[in-house]
Amino acid sequence: MKVRQHAVFAARLEVTPAIREFVGRACADAGLGDDDRFAFELAADEACTNIVEHGYAGRSGGEIAVEFDADDRVARLTLIDAGRPFDPDEVPRPELGPALLDRPVGGLGVHFIRTTMDEVLYRTDPNGNHLVLTRKLQRRPPARPEKE
Amino acid sequence: MEINIAHRGDVAVVAVVGSIDATSAPELSTALSGQIAAGRVKLVGDLSGCDYTSSAGLRALLASVKDSRSSGGDLRLAAVQKNVLKVLEMSGFTSILKSFPDVDQAVASFGG
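As structure tokens, then:
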């Protein structure tokens, strides 16, 4: 069974907890396990924070459209915004571990998105910037009862 | 997010209850840097009630680790929960921050 949920949020930092909550609920509704749900909550939080801070960069009135869909094998989160393009591929990979003590920290959020997701696609078209995050599910949702 | 600060000898125990994200991390930074500015550089982050952190929370912790160490102290963690531990591991923070199963052990690690 395919489950799809969609909502539009104001692109403001104080709204990001509500986006995380929406994504967590959508994951739960789709029957995802705790690890998968956490992965999507974290990725959504980091991506939306980047959209607000870098994409819209303080511009007011912007929006983020959030779409979530899942089947038995994979789940996909799509974030659409109309801010300045912010391609995660252009963010350098951070040096991790003890190196973090010696230099400014940047790119951790994108690192978490790359680590938790199996596929990160980004494209910009006239409708906006589309970030599509896909993860293969660790635990299949409970099977629906078979009809006799 | 709620922050409660308790003093155990010369160790300040900063307990975080709730989630740390880009909206709440500045509050954590202020609490930790306030302790360091007051000369309380031996810090324990009690994360027993913290169920979530994003990279914003890690940046707040990292800044306080650097500041406290440069003043001869440290920030050590206690009772890190599952999802927070995942984030610490993904970032390599587990090799930077000392972590203990509970607050008592984290406080005792400063040697009284």
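Going line by line, the protein sequences match chains A and B.
Numbers in the working numbering are just positions in the first sequence, counted from 1, shifted up by 446.
Numbers in the working numbering are just positions in the second sequence, counted from 1, shifted up by 543.
In this text, a Cβ means the ideal position worked out from N, Cα and C, and glycines have one as well.
Which same chain residues end up closer than 8 angstroms to residue i when comparing Cβ atoms and leaving out the 5 residues on each side of it in sequence?
i	result
V556(A)	E492, N496, P534 and V537
A555(B)	I548, A549, Q578, R583, K585, L586 and V587
E594(A)	Residue confidence for E594(A) is low, a pLDDT of 46 falling below 50, so the modelled location carries little weight and cannot support an answer.
R619(B)	L586, V587, G588, L640, K641, S642, F643, A649, S652 and F653
L605(B)	F636 and I639
Beta-carbon of residue i versus every beta-carbon of chain B: anything under 8 angstroms?
i	result
F532(A)	no
V537(A)	no
D564(A)	no
V551(A)	yes
E543(A)	With the sequence shown as reference, residue 543(A) is identified as Gly, and Glu is not the correct amino acid for it. Closer than 8 angstroms: yes.
F484(A)	yes
L478(A)	no
L579(A)	no
L547(A)	yes
L525(A)	no
G555(A)	yes
D491(A)	yes
L488(A)	yes
If we count the other Cβ atoms within 10 Å of its Cβ and call it buried at 16 or more, is residue i buried or exposed?
i	result
A490(A)	buried
A474(A)	exposed
K585(B)	buried
G552(A)	exposed
R505(A)	exposed
A549(B)	exposed
L547(A)	exposed
R483(A)	buried
N573(A)	exposed
E487(A)	buried
S638(B)	exposed
A565(B)	buried
D589(B)	buried
G600(B)	buried
P544(A)	exposed
Which same chain residues end up closer than 6 angstroms to residue i when comparing Cβ atoms and leaving out the 5 residues on each side of it in sequence?
i	result
H452(A)	E513
R450(A)	D515
F455(A)	V461, I465 and I510
G501(A)	D527, G529, R530 and F532
R522(A)	D515 and T580
Strictly under 8 angstroms for the Cβ-Cβ distance: is residue i near chain A by that measure?
i	result
N547(B)	no
I579(B)	no
D617(B)	no
T566(B)	yes
L620(B)	no
S638(B)	yes
R551(B)	no
L590(B)	no
Using the DSSP secondary-structure output, state which residues sit across from residue i in a beta bridge.
i	result
E499(A)	According to DSSP, E499(A) bridges with nothing at all.
S591(B)	Paired residues: none, contrary to the question.
E509(A)	A456(A)
R551(B)	V554(B)
T573(B)	Paired residue(s): none; T573(B) is not in a bridge.
So, at 7 angstroms on beta carbons, what are the nonlocal neighbours of residue i in its own chain, with the 5 sequence-adjacent residues on each side left out?
i	result
R551(B)	V650
G616(B)	V584, K585 and L586
A476(A)	V449, A516, A521 and P587
S626(B)	Just to set this straight, residue 626(B) is Asn in the shown sequence, not Ser. Closer than 7 angstroms at Cβ, skipping near neighbours: D594 and Y595.
L571(B)	I546, V559, I563, G600 and A603
What residues of chain D sit near residue i, judged by a beta carbon separation below 9 angstroms?
i	result
F558(A)	Looking at the structure shown, chain D is missing, and the protein chains on hand are A and B.
Closer than 8 angstroms is the cut-off here; do at least three beta carbon pairs connect the stretch 573-582 of chain A with the stretch 565-584 of chain B? no
Inspect the CB distances between the stretch 635-655 of chain B and the stretch 556-572 of chain A and report whether three or more fall short of 8 angstroms. no
Checklist entry - Counting pairs of Cβ atoms below 8 angstroms between the stretch 605-614 of chain B and the stretch 467-487 of chain A, do you hit three or more? => result no
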